[in-house]
Each structure stands twice: as C-alpha cells, then as structure tokens.
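Read the structure below first, then the notes.
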Amino acid sequence: MKKRILIDIYYLHVAQTGIRTYTESLIEATERSGKDGPFDYIISPKYSSLKSSTFFKGKTPKWKNLLFQLLYFLRKAVVLPILTYWHRSDMVFSPDILSPLWARGVKVSVLHDAFFWENPDHYNPHWRKYFLGLLSFSLRTNAEVVTITEYSKKQLQHYLDLPKLPIHVVYPATNVAAKPESNVPSPLASPYFLHVGVMEKRKNLVTLIQAFDHFRKAGGYPDFKLVLVGQRGPRRDLDDYENVLQEIDRLALKEQVILPGFVSREVLESYYHHASAYVFPSCSEGFGMPVLEAFSYQLPVIISRQGALMEVGGDAVIYPRDHSADAFAEVMRRVVQDVPLRTSLIEKGNKRLASFGGQRFLDDLEKCFLRML
Numbered sequence: 002m003k004k005r006i007l008i009d010i011y012y013l014h015v016a017q018t019g020i021r022t023y024t025e026s027l028i029e030a031t032e033r034s035g036k037d038g039p040f041d042y043i044i045s046p047k048y049s050s051l052k053s054s055t056f057f058k059g060k061t062p063k064w065k066n067l068l069f070q071l072l073y074f075l076r077k078a079v080v081l082p083i084l085t086y087w088h089r090s091d092m093v094f095s096p097d098i099l100s101p102l103w104a105r106g107v108k109v110s111v112l113h114d115a116f117f118w119e120n121p122d123h124y125n126p127h128w129r130k131y132f133l134g135l136l137s138f139s140l141r142t143n144a145e146v147v148t149i150t151e152y153s154k155k156q157l158q159h160y161l162d163l164p165k166l167p168i169h170v171v172y173p174a175t176n177v178a179a180k181p182e183s184n185v186p187s188p189l190a191s192p193y194f195l196h197v198g199v200m201e202k203r204k205n206l207v208t209l210i211q212a213f214d215h216f217r218k219a220g221g222y223p224d225f226k227l228v229l230v231g232q233r234g235p236r237r238d239l240d241d242y243e244n245v246l247q248e249i250d251r252l253a254l255k256e257q258v259i260l261p262g263f264v265s266r267e268v269l270e271s272y273y274h275h276a277s278a279y280v281f282p283s284c285s286e287g288f289g290m291p292v293l294e295a296f297s298y299q300l301p302v303i304i305s306r307q308g309a310l311m312e313v314g315g316d317a318v319i320y321p322r323d324h325s326a327d328a329f330a331e332v333m334r335r336v337v338q339d340v341p342l343r344t345s346l347i348e349k350g351n352k353r354l355a356s357f358g359g360q361r362f363l364d365d366l367e368k369c370f371l372r373m374l
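For any residue, its number in the numbering used here is found by taking its place in the sequence shown, counting from 1, and adding 1.
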C-alpha cells in the first residue's frame, strides 16, 4: 500500500518569490509523476482554488495581512493537524517553513534559508519571536527538515540548536531549460547588464548601481545601461526602492539605469535574451534561482561571494574579490572585454542546469521520504 503524503500549500495565498517557485515546482512534479510513483500525494488546499483566489494577493491593507497571519497560525495549530488524520497521512510536508504543531505521521518542514536568524532586524520582533517559538516547538517531535543547499544546512544547524534534528539537502527544481534564440528585438538600443528581482535591501542593488557607475567611467563604456527588473519590496522595512532612486539621482544615472518595474513574461524574456550579462550582487540568499534562469538564456553570470550563490553557480559563475563597488566593476569589465571568458561561462552554465531538473528534484525528494518513513 502506498504511503500518503499531505502537502500543505496554504501559503501560496501570499507567497511571491522563492517559496512560491518551490511550491509550484513541487506540485507540477507530483502531477507529472501521476499514479505510478511510490506515494499518493494530497494537495491541500486545492491548487486550482488558490490560483484563482486574489483576496490576499497584491498590495493589501494591514487588516488583510493580520487576518492572513491569524488564519495561517490557526491552520498550523488546529486545521492541518486534523487534516492529517482525516486523510490518514503518513507524512505532512510543509514547503513554507512551519510544520503543524502536531500531526499524524512524520512532519517535514522546508527551511529554505536562515534569514530569520541572520537578519532579525528585517522582521517585526514580536512576530518573529512568536513564529520562531512555534517553529522550534513543531520541530522537537517527530519532525525532519529539508533544505535547498549545503550552505543553508550549515547555517540551520548552527541556529536551530537541535543537534538530533535530521536535515536533508535536496536541490529544488528550476522549471527552466536552455531557451532557443529569440527573434524578438532587443528592448534597448544599447548593451546592458541585467538584474531581476524584488528591490529588497539584501539584494545589494545600491552597490550594483555604484559598481555600474565605476564600470562606465573607468572602462570607457558610456553607452552601456543597467536594467533592474522587478517591483519594490513587499514589506516597508525590507524595501530598498527609495534608496535605489536616491543613488540613481546622486550619480546622475537616470538615463543609464532602467527600472521597468514588474513586466510580463514575454517582456522579461526579451530582456534576458539580449542582455550582455546577468549580475546578482545579493548579500543573503538561500538558493538563487535567477542564476539558473540566466544560465538558460546563455548569459554569463556575475554573483557576490555569498555561500548559496557560489554553491548553486559552481564553476559556471564569476564573482569579485569582495562586496565593494570597485570589485564588482572590475569583474563587469572582465566579462565584457574577455570573449573566451564569456564563452566559457556560458558553456559551463548550460552544463550546470542539468543538476537542477524537475524530475531529478522529485526523485531526490522521494528518496528522502523513503528514508524518513
């Protein structure tokens, strides 16, 4: 008889970035596996209903945020545990970090990173204390953890202080593959560097703007542009949008730094296809999906010296000697000037993608499930 795994996707009501990508990739992988796999998967709530629901999505008033938090914690404390008995599940899998406080079967939390501990100033202190208290409680009994890089595993082992808690590393699926050449014209008449993502402080975009300014002035590239695709951070205390605008004004780069905001998939693909290189200067990441996205568009990728990004990128990325604007500018010049280097990075990026395929993700995850059960 197949084991039954209940997957809690309630957080998709509000998820925007990494957790959303991870959860949707997991759902798609289980759907592709059909009924031939070793497990029966129960998705709760129904994915179709969550996709059509907009009540908690977008820019919401404070009362909606508070209502979601209340419903979310109620689900983890009461509703989800009851569902594990209703569905007779052997495991409850939570891709949104927090496992139910009690449950039938093994409880598995996906902890994507250690941001809660590394960046406490990014969260409301009362909410953070309550959330981490619930997390610690849920992990102390019949629980295991899945994380997405060896770097994250080491950080979590340090911060969780639960030496007997099993932590497994399973690389997530990318849902990307090498993209064919596009016949769509370039969105810009000039060559440009590209960054895609929400404008949060941890993304280090102010340093990127400064590095771009150094690159243009010292390297003799007045025609180059910098394109920062993405919307402002979803939380006011994490948002870096105003600082980005101020730095652009201070350096007189209004014509050189392009801020398209949130764009359609078609427009985003045109930016990817015609960029000279992708730059990811983030100081804090649990994985770094845009690195793999850029690989799929045959782009050389520049990252910061950050553990998760270096692990995901492997030998297919290049990074500066430190986090300074001068160091980033130097690497940006190398990537533009050194054609053999660009070619090598692109070839290695194509090979690196093979380690992050959707079927491999599910196979590795199911091997973990078999060990846990």
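Beta carbons are placed, not taken as given, at the ideal position from N, Cα and C, and that holds for glycine.
Just so you know, these numbers come straight off a predicted model, no measurement behind them.
1) Kindly indicate if chain D contains any beta-carbon less than 8 Å away from that of R372.
2) If you drop the 5 nearest sequence neighbours on each side, which residues of the same chain put their C-beta closer than 6 Å to that of V318?
3) Of all the options F132, E151, P167, which has the alpha carbon lying nearest to the alpha carbon of N143?
4) Output the distance between the C-alpha atoms of Q1 and C284, rounded to the nearest integer angstrom.
5) Using a 10 Å radius around the Cβ and a threshold of 16 neighbouring Cβ atoms, would you call G106 buried or exposed?
6) Since G262 sits in a beta bridge, which residues does DSSP pair it with?
7) Using the rule of at least 16 other Cβ atoms within 10 Å of the residue's Cβ for burial, across every protein chain shown, is H275 buried or exposed?
8) Going by beta carbon distance, what residues of the same chain come within less than 7 Å of I249, once the five residues before and after it are set aside?
9) Assign Q299 to one of two classes, buried (16 or more other C-beta atoms within 10 Å of its C-beta) or exposed (fewer than that).
10) Hey, how far is the Cα of V170 from the Cα of Y73?
11) For L68 and F56, what's the separation of their Cα atoms in angstroms?
12) From the DSSP output, in three-state form, read off D327 for me.
13) Thinking C-beta only, is L269 closer than 8 Å to V199?
14) Give me, in chain order, the residues of the same chain whose beta-carbon lies closer than 8 Å to that of L102; leave out the 5 immediate sequence neighbours on both sides.
15) When DSSP labels each residue in this structure, what does T142 get in the three-state scheme?
16) According to DSSP, simplified to helix, strand and coil, what is A278?
17) Do V93 and E145 have their C-beta atoms within less than 8 Å of each other?
18) Per DSSP, R5 is paired with what?
19) Is the CB-CB distance between S271 and L354 below 8 Å?
20) Could you please give me the residues that DSSP links to V318 through a beta bridge?
21) What does a CB cutoff of less than 7 Å around S277 pick up in its chain, not counting 5 residues either side in sequence?
22) Decide if Y131 is buried, meaning its Cβ has at least 16 other Cβ atoms within 10 Å, or exposed.
23) Do you know whose CA, among F216, A219, Y273, lies nearest V230's CA?
24) Between which residues of its own chain and R89 is the CB-CB distance below 8 Å, once the five residues before and five after are set aside?
25) Which of helix, strand or coil does DSSP assign to F225?
26) Quick one: give me the first and last residue of the beta strand (DSSP E) that F57 is part of.
27) Exposed or buried, which one is D37 when buried takes at least 16 other CB atoms within 10 Å?
28) Could you check which residue in P261, Y48, E286, T344 has the C-alpha nearest to that of M311?
29) What I want to know is whether the C-beta of E32 ends up closer than 7 Å to one or more non-hydrogen atoms of the ligand SAH.
30) Pop quiz: L252 and A30 are said to be a contact at Cβ under 8 Å. What is the actual Cβ separation, rounded to whole angstroms?
31) So, at 7 Å on beta carbons, what are the nonlocal neighbours of I20 in its own chain, with the 5 sequence-adjacent residues on each side left out?
32) Can you tell me whether V245 is buried or exposed, with buried defined as 16 or more other CB within 10 angstroms of its CB?
33) Taking a contact to mean a Cβ-Cβ separation below 8 Å, would you say F329 touches I149 in this structure?
Taking the coordinates as given:
1) Absence of chain D from the displayed structure is noted, only one protein chain being present.
2) Against the sequence shown, residue 318 aligns to sequence position 317. Residues of the same chain with a CB within less than 6 Å of the CB of V318, apart from the 5 flanking positions on each side, are V302, I304 in chain order.
3) Position 142 of the sequence shown, counting from 1, holds the residue named residue 143. Checked all of F132, E151, P167; the closest Cα to N143 is P167.
4) In the structure displayed, the chain extends from 2 to 374; residue 1 sits before or after that span and is not available.
5) Along the sequence shown, one-based indexing puts residue 106 at 105. Burial call: buried.
6) The residue you call residue 262 lines up with position 261 of the sequence shown. The partner list for G262 (beta bridge, DSSP) reads V230.
7) For the purposes of this step, residue 275 is taken as residue 274 along the sequence shown, with counting starting at 1. Looking at its Cβ environment, which holds 16 or more other Cβ atoms inside 10 Å, H275 is buried.
8) Here residue 249 is taken as the residue at index 248 of the sequence shown, counted from 1. For I249, the CB contacts under 7 Å within the same chain, skipping 5 residues up- and downstream, are I210, K255, V258 in chain order.
9) In the sequence shown, residue 299 corresponds to position 298, counting from 1. Q299 comes out buried.
10) In the sequence shown, the residue the question calls residue 170 occupies position 169. In the sequence shown, the residue the question calls residue 73 occupies position 72. Their backbone Cα atoms lie some 26 Å apart in a straight line.
11) Taking the first residue of the sequence shown as position 1, residue 68 is located at position 67. Taking the first residue of the sequence shown as position 1, residue 56 is located at position 55. Whole-angstrom Cα-Cα distance: 11 Å.
12) Within the sequence shown, the letter at position 326 stands for residue 327. Note: D327 maps to helix in three-state DSSP.
13) Reading the sequence shown from its first residue, position 198 is the one you call residue 199. Reading the sequence shown from its first residue, position 268 is the one you call residue 269. Contact: no.
14) Indexing the sequence shown from 1 puts residue 102 at position 101. Spatial neighbours of L102 in its own chain (CB-CB distance under 8 Å, excluding positions within 5 residues in sequence) are listed in chain order as K77, A78, P82, L135, F138, S139.
15) In the sequence shown, residue 142 corresponds to position 141, counting from 1. Looking at T142 - three-state DSSP - the assignment turns out to be coil, as it is neither helix nor strand.
16) On the sequence shown, residue 278 is found 277 positions in, with the first residue counted as 1. Here A278 carries a strand assignment [DSSP, helix/strand/coil].
17) Position 92 of the sequence shown, counted from the start, is the residue given in the question as residue 93. Position 144 of the sequence shown, counted from the start, is the residue given in the question as residue 145. It is not a contact, given that the beta carbons lie outside the stated cut-off.
18) For the purposes of this step, residue 5 is taken as the residue at position 4 of the sequence shown. In DSSP, R5 forms a bridge with D41.
19) Position 270 of the sequence shown, counted from the first residue, corresponds to residue 271. Position 353 of the sequence shown, counted from the first residue, corresponds to residue 354. S271 is not a Cβ neighbour of L354, given a cutoff of 8 Å.
20) Numbered from its first residue, the sequence shown carries residue 318 at position 317. The secondary-structure analysis by DSSP pairs V318 across a beta bridge with V302.
21) Counting from one through the sequence shown, the residue named residue 277 turns up at place 276. P192, Y193, F194, V337.
22) Numbered from its first residue, the sequence shown carries residue 131 at position 130. Y131 is classed as exposed because its beta carbon has fewer than 16 other beta carbons within 10 Å across all chains shown.
23) Counted from its first residue, the sequence shown places residue 230 at position 229. If we check each option's Cα against that of V230, Y273 comes out closest.
24) If you number the sequence shown from 1, residue 89 lands on position 88. Closer than 8 Å at Cβ, skipping near neighbours: R5, R105.
25) Position 224 of the sequence shown, counted from the start, is the residue given in the question as residue 225. Of the three classes helix, strand and coil, the one that applies to F225 here is coil, per DSSP.
26) Stepping through the sequence shown from its first residue, residue 57 is reached at position 56. Boundaries cannot be given for F57, as no beta strand (DSSP E) includes it and DSSP labels it neither H nor E.
27) To locate residue 37, count along the sequence shown from 1; it is residue 36. Residue burial annotation: D37 is exposed, with fewer than 16 other C-beta atoms found within 10 angstroms of its C-beta.
28) Taking the first residue of the sequence shown as position 1, residue 311 is located at position 310. Nearest of P261, Y48, E286, T344 to M311, Cα basis: E286.
29) Among the components of this structure there are no ligands whatsoever, and the ligand SAH is therefore not found.
30) For the purposes of this step, residue 252 is taken as the residue at position 251 of the sequence shown. For the purposes of this step, residue 30 is taken as the residue at position 29 of the sequence shown. A30 and L252 do not touch by the CB rule: their CB atoms are close to 44 Å apart, not below 8 Å.
31) Counting from 1 along the sequence shown, the entry for residue 20 is found at position 19. Setting aside the 5 residues that flank it on each side, I20 is surrounded in the same chain by Y12, P96, D97, H113, each with a C-beta closer than 7 Å to its C-beta; the list follows chain order.
32) In the sequence shown, counting from the first residue as 1, residue 245 sits at position 244. Buried.
33) Position 328 of the sequence shown holds residue 329. Position 148 of the sequence shown holds residue 149. Between F329 and I149, the gap from beta carbon to beta carbon reaches 8 Å or more.
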